[in-house]
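> These protein sequences, in sequence, are chains A, B, C and D. Those letters in the first sequence? Residues 1 to 348, by my numbering. Those letters in the second sequence? Residues 349 to 696, by my numbering. Those letters in the third sequence? Residues 697 to 1044, by my numbering. Those letters in the fourth sequence? Residues 1045 to 1392, by my numbering. Ideal placement from N, C-alpha and C gives every residue a C-beta, glycine not left out. Input: one structure, supplied below.
There are 4 protein chains.
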Amino acid sequence: MFFASDNTSPAHPKVLEALGKANVGYMGSYGADPIMDDVRQTVRDLFKAPEAAVYLVATGSAANSLSLATFCNPWDAVFCHRSAHIEVDECGAPEFFTGGAKLVLVDGPDGKMAPARLRETIKATPQGNVHSVQRGIVSITNVTEAGGVYSVAEIAALTGIASDYDLPCHMDGARFANALVATNASPAEMSWQSGIDVLCFGGTKNGLMGVEAVVIFDPAKAWEFELRRKRAGHLFSKHRFLSAQFQAYLQDGLWLEMAKAANRAAGRLIDGIGQASDVSFMYTPQANIVYATMPRRIHQRLAKAGAIYEVIGDLGGADPSELMGSRMVCSWCTTDADIDRFLGHLNG
Amino acid sequence: MFFASDNTSPAHPKVLEALGKANVGYMGSYGADPIMDDVRQTVRDLFKAPEAAVYLVATGSAANSLSLATFCNPWDAVFCHRSAHIEVDECGAPEFFTGGAKLVLVDGPDGKMAPARLRETIKATPQGNVHSVQRGIVSITNVTEAGGVYSVAEIAALTGIASDYDLPCHMDGARFANALVATNASPAEMSWQSGIDVLCFGGTKNGLMGVEAVVIFDPAKAWEFELRRKRAGHLFSKHRFLSAQFQAYLQDGLWLEMAKAANRAAGRLIDGIGQASDVSFMYTPQANIVYATMPRRIHQRLAKAGAIYEVIGDLGGADPSELMGSRMVCSWCTTDADIDRFLGHLNG
Amino acid sequence: MFFASDNTSPAHPKVLEALGKANVGYMGSYGADPIMDDVRQTVRDLFKAPEAAVYLVATGSAANSLSLATFCNPWDAVFCHRSAHIEVDECGAPEFFTGGAKLVLVDGPDGKMAPARLRETIKATPQGNVHSVQRGIVSITNVTEAGGVYSVAEIAALTGIASDYDLPCHMDGARFANALVATNASPAEMSWQSGIDVLCFGGTKNGLMGVEAVVIFDPAKAWEFELRRKRAGHLFSKHRFLSAQFQAYLQDGLWLEMAKAANRAAGRLIDGIGQASDVSFMYTPQANIVYATMPRRIHQRLAKAGAIYEVIGDLGGADPSELMGSRMVCSWCTTDADIDRFLGHLNG
Amino acid sequence: MFFASDNTSPAHPKVLEALGKANVGYMGSYGADPIMDDVRQTVRDLFKAPEAAVYLVATGSAANSLSLATFCNPWDAVFCHRSAHIEVDECGAPEFFTGGAKLVLVDGPDGKMAPARLRETIKATPQGNVHSVQRGIVSITNVTEAGGVYSVAEIAALTGIASDYDLPCHMDGARFANALVATNASPAEMSWQSGIDVLCFGGTKNGLMGVEAVVIFDPAKAWEFELRRKRAGHLFSKHRFLSAQFQAYLQDGLWLEMAKAANRAAGRLIDGIGQASDVSFMYTPQANIVYATMPRRIHQRLAKAGAIYEVIGDLGGADPSELMGSRMVCSWCTTDADIDRFLGHLNG
């Protein structure tokens, strides 16, 4: 019963297999491996973006921060949701990589920026006034940190606003596959066709050991990205081992298969919670992340039974009926059996 | 006949095996995996440094730059050899991570800083004068970029000078194992016992897929390093896959075995070159890197035969007898057969 | 009728006189002028802080950003009011100087952080968690940007909270003199005695040409500040001309006299506005800044009469009765006559 | 007998006068003062550059660093002479402002980059190779730190090389007026007509209190410069006091008059030294800076007589005949009488 994070899951066996196959003989380093040529072409085909620049890095923070730094200036505002990973979970990485850009926070339900709030936040940043940071970029996280999912139409609403102000758009797609599966959208629809300029296309949380692709739809930005990646220590010498993971990820739809498994598992969990007494959702769960409140006594029961997930608050507090939050994440390998056991303990 | 770089070599099969073993079930993320606990303890034992802080990152540039940033200020001088990797091959990563420290270059043969030159270079940086950058840190590369190796006594000579000026010392040990093997020194002798404060203990070039350990002998610096690592996107969520590689590396002396193989192969190459006509060494090769000049016609013959190594100059130039440099690197998997074939073509 | 900003006012004639007196013969550069020795001693006496380090820079942004950079890390949070000058009016200078610290915003009336909000904001920044920025420093602006003034007790309430979390405190005192005059506090009471570690003691807005003192109560931080100042291009070679201005400022209480004049003028304006119909204060004005809303027709009448102040909104809009904000600032040289003319037009 | 630096000299009385005249009534802040309009136009006329963007800052380090940051990337090389002010005397300011660019040093006599050395240094920086910093900008100091002066033809030789590699050129003209006077060149000839893209046009060392103009010949860079200036705390609120100084500087050729006086004084000193026994020049003095070696006993005699200048070495050393270096700088107000007294003591 392990729902702590999709980051605690193993990699898919096919990923290990691919590493083994790649581990043969000498091969060009620093991205000059033939596997990367295949990855690049596959990504371009998948996104119907024959000109896109495609890069691999090993962590989501690197992908996000390098992308933002390439698309905005040190004196710019990065508009993002208050709960965005880049704001909350990266120890200031965007500020470090950009040379001090300012994250300007936008509110909205389920971790999604409300279009009206985005527009008013952009408007409140006085462009062309040298005393203020300038309007820089809009960053959209899909799946959101609260477990919500933007539909293609919702993304287009935000990028349309960005476009009114001539701002580029970044997508933190650490769980991009889960968002696609949840909405039945195609990769192209959820990225450049709905106005995204640079996508962090996650792999790590969805069954890889540690690879994220950065897809830059305007190749004019590619060389700057390469320099920033190298300068930040994120260009791998034995790059073939990143390439091989991502190649396996994309082959025969493994990436979508894994995301479907995670979302389906979460669906089972959501159904169960929906029928449980004393448990209520904190946000509308739409992919593989579920936030719910329940009385401390249920948390304690679950903990005793060995369930592992994030508890928001003090498990050892006195009042057994105090409502406390929780965050549960399913991954590609979460089993029905585990969920059913979890629900069993939850229901007492 | 692949002598382009040790970075073009595969990983040792045991490393892949270890990944497979680590890829089972859920495991704490971001360094909270039990394999890392074992790695930490093993490194401490190996270095006889029970208090040392031990971290893993995936690239040498990350290891070096994070170490330098933790041990020096933005307004400091980093004293290093003119040919140091941090100066020449990292696209300014040290400047980026430190917030703009200045690399101040020291000369000396075989890629090694000459002690007298280090002392005079430090002295020429006017400490306590607000107009100048301040004396910050001494960075020593072992094996050097020219293929030389510092003995423990030579390191101590440099760190002694650093100590006269109260400066900490960093070692870029991307090829630390090769240096140990070349000198028969112990890990402790070549690091803290000879005055090194922070060591980048390389694995990638010596048979791993992509892991370098950073060993900080003063644990007071540990937390700052952790924050800098996270903020730079170098903390892996599925950290177990770094841990597993390094665990395999250290187990049963695999790391030393691989370094011995690389150095032995280079020794065979050095012997052959030493007996060849028209070929002369550019530096004294002491580990697994060999620099040599030879006439263009020999380079052309080697290229035609399929030998791959770095040629310094224009292979297609007109004059067949023009001397041109070259860099050849052996790795853990370089075979005698390959070397003998190479020497055969070299000798015509 | 010029109420645009205290920055649009001239310098006091005595400041010019002092420049003339300082402009004689050769004098040590970069702060080694004897006038600075006198300034340093005078500031120490004034603040009853015999150990304080005292520096002069020419702009408020430099004073604030250099102070923050000296007292917090690149990965730290700077807790400040949502309307703070460092957040709103410095084009991201704090982010630039600190190497990417994050300004974390605190709410409260009249531009003042509410103690409860400060505490909960600090608590919500999860210290010791490597994924988050760390708790760094609390920055207090007095006079606030909204024209409010913190009493000594109110400052102590905030610094007490900071102290609970071991955080240092910075005061942006661009209008420090106006705050002192408004509260009858002494310099020591409003700074180190109420928990301030570093004070930006403004001069420019209060009658100088362009000088701010930075007073660092813990001299251990002094050398770092000096290096940061130099490295940022804020150390003046002909430093005597900063020293002379500040010497004149402190002589015979000129600085307090000028602040009193500004506050008294604002008091007259506040009284008049308080009695006017259709005009209401946006915040409680306590020093020399007044925010008020009034119908567009009054703004238009004032503009026609030549009154100059900041109008928040579109002066040319259609609806004459629409309420629009305004910001009026008095300075050391604002005259009663000007205020009375202004009030005359305001009242129609 | 004060030859320590032109920075130790007072400002010209006309500069103080101009401040007095500017100190009347309210005036637009942050550069929106009418005096600046006049300065801008005058500079454009003087340089025959009707499109040039013209900005004022208060220090030379600010002017240089902001210019470099505007014209090069964080991952770029700045090619400059080994003795350049930006390398030696600014505590790493260029690295700070640029976000970590690397100063790559070029040799040559009299503080001037030798064209052949510049070309080979640029060539040795491997452009388009992601592992290396990229070729960024060429920075030329005129008058050089060694007291040499580049002729217009010499500048054109360097900028021609830069142009072969498509690199922009910066001039650190802290003593631009002295260089013009020394070569009889016009401002246009010594700047954009000989290939300079951005000029730091010094005022402080040549009779102002503290103002340097930055002249950007391509106005497309202007807005970025403005943001960088603000963000670095170098935009003055009461900007009129910078404008007034520079207006006075340019009026009726005061700036050239002062530079002529300084160069003429240095000429008298150079003549005297040329005829003295036991004294020899370290570099060829061509403007207002003179480097010379002489025996310790002469230094001691001069010190005893009250002469103040920079002595390179230990004045109190034992050997009276040991040769020690010195640096003497003349300014707009150096008198013949002072020089003659100095020469009298020098000759014993």
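1) Give the secondary structure of tyrosine 150 of chain A by DSSP, where H, G and I count as helix, E and B as strand, and everything else as coil.
2) Flag this pair as yes or no: are the beta carbons of isoleucine 397 of chain B and alanine 501 of chain B separated by less than 8 Å?
3) Taking the beta carbon of serine 1321 of chain D as the centre, do at least 16 other beta carbons fall within 10 Å, making it buried, or is it exposed?
4) Quick one: is cysteine 72 of chain A near chain B, going by C-beta distance under 8 Å?
5) Would glutamate 95 of chain A count as contacting chain D if we go by Cβ distances under 8 Å?
6) Closer than 9 Å by beta-carbon distance: list the chain C residues that pair up with aspartate 89 of chain A, in chain order.
7) Looking at the secondary structure, which residues open and close the alpha helix (DSSP H) in which glutamine 482 of chain B lies?
8) Got a sec: is the Cβ-Cβ distance from asparagine 233 of chain A to anything in chain D below 8 Å?
9) Rounded to whole angstroms, how far is the Cβ of leucine 367 of chain B from the Cβ of leucine 19 of chain A, which I believe are closer than 8 Å?
10) In terms of residue numbering, what span does the beta strand (DSSP E) encompassing arginine 675 of chain B cover?
11) On the criterion of 16 or more Cβ atoms from any shown chain inside 10 Å, does lysine 578 of chain B qualify as buried, or is it exposed?
12) Does the Cβ of asparagine 874 of chain C have 16 or more other Cβ atoms within 10 Å, making it buried, or fewer, making it exposed?
13) Which residue's Cα is closest to the Cα of phenylalanine 1290 of chain D: D:Asp1077, D:Tyr1070, D:Leu1271?
14) Mapping DSSP to helix, strand and coil, what is valine 363 of chain B?
15) To the nearest angstrom, how far is it from the Cα of aspartate 349 of chain A to the Cα of cysteine 896 of chain C?
16) Determine the closest residue to proline 1170 of chain D out of B:Thr407, B:Thr683, B:Glu438, with distance taken between C-alpha atoms.
17) Leaving out five residues on either side along the sequence, give the residues of the same chain with a beta carbon under 6 Å from the beta carbon of valine 839 of chain C.
18) Give the interface partners of lysine 450 of chain B over in chain D, defined as CB-CB distance under 7 Å, in chain order.
19) What residues in the segment 753-779 of chain C have a beta carbon less than 7 Å from any beta carbon of chain A?
20) Under a three-way DSSP split, which group does glycine 379 of chain B fall into?
21) Give me, in chain order, the residues of the same chain whose beta-carbon lies closer than 7 Å to that of methionine 519 of chain B; leave out the 5 immediate sequence neighbours on both sides.
22) According to the neighbour-count rule (16 or more other Cβ atoms, all chains shown, within 10 Å of its Cβ), is leucine 315 of chain A buried or exposed?
23) When the cut-off is 8 Å and only beta carbons count, does leucine 227 of chain A lie next to chain F?
24) Would you please state the rounded distance, in angstroms, between the beta carbons of glutamate 212 of chain A and valine 57 of chain A? I believe it to be under 8 Å.
25) What are the start and end residues of each continuous beta strand (DSSP E) run of 3 or more residues lying completely inside the segment 164-211 of chain A, in chain order?
26) Pick from A:Pro168, A:Gly203, A:Lys205, A:Glu145: whose alpha carbon is nearest that of serine 194 of chain A?
27) State yes or no: is the C-beta of alanine 1223 of chain D nearer than 7 Å to some heavy atom of the ligand GDP?
28) Are the beta-carbon atoms belonging to glycine 447 of chain B and proline 422 of chain B less than 8 Å from one another?
29) Compare the beta carbon distance of alanine 84 of chain A and glutamate 17 of chain A with 8 Å and say whether it is the shorter of the two.
30) Using a Cβ-Cβ cut-off of 8 Å, state whether asparagine 355 of chain B counts as contacting chain A.
31) Can you find at least 3 beta carbon pairs, one from the segment 475-484 of chain B and one from the segment 1161-1181 of chain D, that sit closer than 8 Å?
32) Does the beta carbon of glycine 1072 of chain D sit closer than 8 Å to a beta carbon anywhere in chain A?
33) Mind listing which residues of the segment 204-227 of chain A have their C-beta closer than 7 Å to chain B's C-betas, in chain order?
34) Which one of C:Glu920, C:Ala789, C:Lys1000 has the shortest CA to CA distance from arginine 999 of chain D?
35) Counting only the same chain and skipping the five closest in sequence on each side, list residues whose C-beta sits under 7 Å from that of isoleucine 618 of chain B.
36) Let's test the definition: count the other Cβ atoms within 10 Å of the Cβ of glycine 622 of chain B and tell me whether it reaches 16, buried, or not, exposed.
In short, the structure shows the following:
1) As a first step, residue 150 of chain A is located in the first sequence; it is residue number 150 there, counting from the start. Annotated three-state conformation of tyrosine 150 of chain A is coil, per DSSP.
2) As a working note, residue 397 of chain B is residue 49 in the second sequence. As a working note, residue 501 of chain B is residue 153 in the second sequence. Strictly speaking, residue 397 of chain B in this sequence is alanine, with isoleucine absent from that position. At least 8 Å separates the beta-carbon of alanine 397 of chain B from that of alanine 501 of chain B.
3) Within the fourth sequence, the letter at position 277 stands for residue 1321 of chain D. The residue in question, serine 1321 of chain D, is exposed, as its Cβ has fewer than 16 Cβ neighbours within 10 Å.
4) As a working mapping, residue 72 of chain A is identified with position 72 in the first sequence. Not one chain B Cβ lies under 8 Å of cysteine 72 of chain A.
5) As a position in the first sequence, residue 95 of chain A is number 95, starting the count at 1. In terms of beta-carbon proximity, glutamate 95 of chain A stays away from the interface with chain D, with every pair separated by 8 Å or more.
6) Taking the first sequence and counting its residues from 1, one reaches residue 89 of chain A at position 89. Per Cβ cutoff of 9 Å: His827, Ser828.
7) Against the second sequence, residue 482 of chain B aligns to sequence position 134. Counting along the chain, glutamine 482 of chain B falls outside any alpha helix (DSSP H), though it belongs to the beta strand (DSSP E) covering 482-489.
8) Translated into the one-based positions of the first sequence, residue 233 of chain A becomes position 233. Per the sequence shown, the amino acid found at residue 233 of chain A is glycine instead of asparagine. Taking CB atoms only, glycine 233 of chain A has no neighbour in chain D less than 8 Å away.
9) Within the second sequence, numbered from 1, the residue matching residue 367 of chain B stands at position 19. Within the first sequence, numbered from 1, the residue matching residue 19 of chain A stands at position 19. At roughly 7 Å, the Cβ-Cβ gap stays under 8 Å, so leucine 367 of chain B and leucine 19 of chain A are in contact.
10) For this step, residue 675 of chain B is matched to residue 327 along the second sequence. Looking at the DSSP string, the run of the beta strand (DSSP E) that includes arginine 675 of chain B is 671-677.
11) As a working note, residue 578 of chain B is residue 230 in the second sequence. The C-beta of lysine 578 of chain B has 16 or more other C-beta atoms within 10 Å across all chains shown, which makes the residue buried.
12) Here residue 874 of chain C corresponds to residue number 178 of the third sequence, with the count starting at 1. In summary, asparagine 874 of chain C is buried, with 16 or more beta-carbon neighbours lying within 10 Å of its beta-carbon over all protein chains present.
13) Translated into the one-based positions of the fourth sequence, residue 1290 of chain D becomes position 246. Ranking the options by Cα distance to phenylalanine 1290 of chain D, first place goes to D:Asp1077.
14) Taking the first residue of the second sequence as 1, we reach residue 363 of chain B at position 15. Three-state result, valine 363 of chain B: helix.
15) In the structure displayed, chain A extends from 1 to 348; residue 349 of chain A sits before or after that span and is not available.
16) Locating residue 1170 of chain D in the fourth sequence gives position 126, counting from the first residue. The candidate whose alpha carbon is nearest that of proline 1170 of chain D is B:Glu438.
17) On the third sequence, position 143 is the one that residue 839 of chain C refers to. So the list reads Val845, Arg871, Asn874, Ala875, Ala983, once near-sequence residues are dropped.
18) The residue labelled residue 450 of chain B in the question sits at position 102 within the second sequence. Those within 7 Å of lysine 450 of chain B in chain D are Gly1136, Glu1139.
19) Listed in sequence order: Pro770, Trp771.
20) One-based indexing of the second sequence puts residue 379 of chain B at position 31. Secondary structure at glycine 379 of chain B: coil, using DSSP grouped into helix, strand and coil.
21) What you label residue 519 of chain B is simply residue 171 of the second sequence in a count that begins at 1. Cβ neighbours of methionine 519 of chain B beyond the five flanking positions: Ile488, Asn490, Ser539, Ile544, Leu547, Cys548.
22) As a working note, residue 315 of chain A is residue 315 in the first sequence. Burial call: exposed.
23) Of the protein chains in the structure, A, B, C and D, none is chain F.
24) Reading the first sequence from its first residue, position 212 is the one you call residue 212 of chain A. Reading the first sequence from its first residue, position 57 is the one you call residue 57 of chain A. Correct: roughly 6 Å between the Cβ atoms.
25) 169-173, 198-202, all fully within the segment 164-211 of chain A.
26) Here residue 194 of chain A corresponds to residue number 194 of the first sequence, with the count starting at 1. For the residues A:Pro168, A:Gly203, A:Lys205, A:Glu145, the minimum Cα distance to serine 194 of chain A belongs to A:Pro168.
27) Summarising the ligand content, the structure contains no ligands, and the ligand GDP is consequently not present.
28) Your numbering for residue 447 of chain B matches position 99 in the second sequence. Your numbering for residue 422 of chain B matches position 74 in the second sequence. Here glycine 447 of chain B is near proline 422 of chain B, since their CB atoms are less than 8 Å apart.
29) The residue given as residue 84 of chain A occupies position 84 in the first sequence. The residue given as residue 17 of chain A occupies position 17 in the first sequence. Alanine 84 of chain A is not a Cβ neighbour of glutamate 17 of chain A, given a cutoff of 8 Å.
30) Position 7 of the second sequence holds residue 355 of chain B. So, interface residue.
31) Between the segment 475-484 of chain B and the segment 1161-1181 of chain D, the count of C-beta pairs closer than 8 Å stays below three; the two stretches do not touch.
32) Indexing the fourth sequence from 1 puts residue 1072 of chain D at position 28. At least 8 Å separates the CB of glycine 1072 of chain D from every CB of chain A.
33) If the cut-off is 7 Å between Cβ atoms, the segment 204-227 of chain A has Thr204, Met209, Gly210, Leu227 near chain B.
34) Any answer about residue 999 of chain D is impossible in this case: the structure gives chain D only from 1045 up to 1392.
35) If you number the second sequence from 1, residue 618 of chain B lands on position 270. Cβ neighbours of isoleucine 618 of chain B beyond the five flanking positions: Pro633, Val638.
36) Numbered from 1 along the second sequence, position 274 holds the residue referred to as residue 622 of chain B. Exposed is the call here.
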